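Just so you know, the sequence shown maps onto residues 1 to 160 in full-length UniProt numbering.
For glycine and all other residues, C-beta sits at the position ideal for the given N, C-alpha and C.
This structure is a prediction, so every number in the text was calculated from the model and none was measured.
Let me begin by presenting the structure, written as structure tokens, before commenting on it.
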Amino acid sequence: MSSRDPRRTSTAHTSSKRTSLLPRPSSIAIDPSALIAQHAQLTGSYPITIGPGAVLHPHAKINRAVVEAAEIGEGSVVEVGAVVGRGAVVGKYCTISAASIVPPYATLPDYTVVFSGSQKRVDKTLQQRPDILEQKMAVHQKQLEMFRRLIANNIAKWTG
């Protein structure tokens, strides 16, 4: 057998499961309706709270951030590859778009959309039109249902 033969076995080198070097937060509270994808990262030494209807897409990162129901709760979405910095506070109905960054200690008011890295705007339509907000929340519920079918929810990793 050659040294590259995949059937070759050796007991000299055993691999163990790699453990994470990222610090686990001191406490994590996650609403049961939240959806946390398998490769989302929650790290740091401060408590993290994730409110109802929140979605953390694959590879989203929450690093020692304040993410509480009163501040991120219903309707807020953190998309793929987004980073929420240490001590950041995210308001209700916010969208942190893919690969965007919320800097450490930033405060995002309700209805904020972060896009193109770190540009921000407030969605005035949602803010001033309750009928549109209601429609958006109906769409958000449908998205949550779709995400639950498509994305493995890894909430047990953080609550167990």
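- Per the DSSP secondary-structure output, lysine 61 pairs in a beta bridge with Gln41, Val83.
- When Pro47, Ala60, Ser45 are compared, the shortest CA-CA separation from glutamate 79 is found for Ala60.
- The stretch 108-116 and the stretch 41-60 do not touch, with fewer than 3 CB-CB distances between them shorter than 8 Å.
- In this structure, the alpha-carbon of proline 58 lies about 8 Å from that of isoleucine 36.
- When DSSP states are grouped into helix, strand and coil, alanine 29 belongs to the strand group.
- Under the criterion of beta carbons closer than 8 Å, glycine 53 and glycine 81 do not qualify as touching, at roughly 21 Å.
- Using a Cβ distance threshold of 8 Å, alanine 138 and glutamine 38 do not count as a contacting pair.
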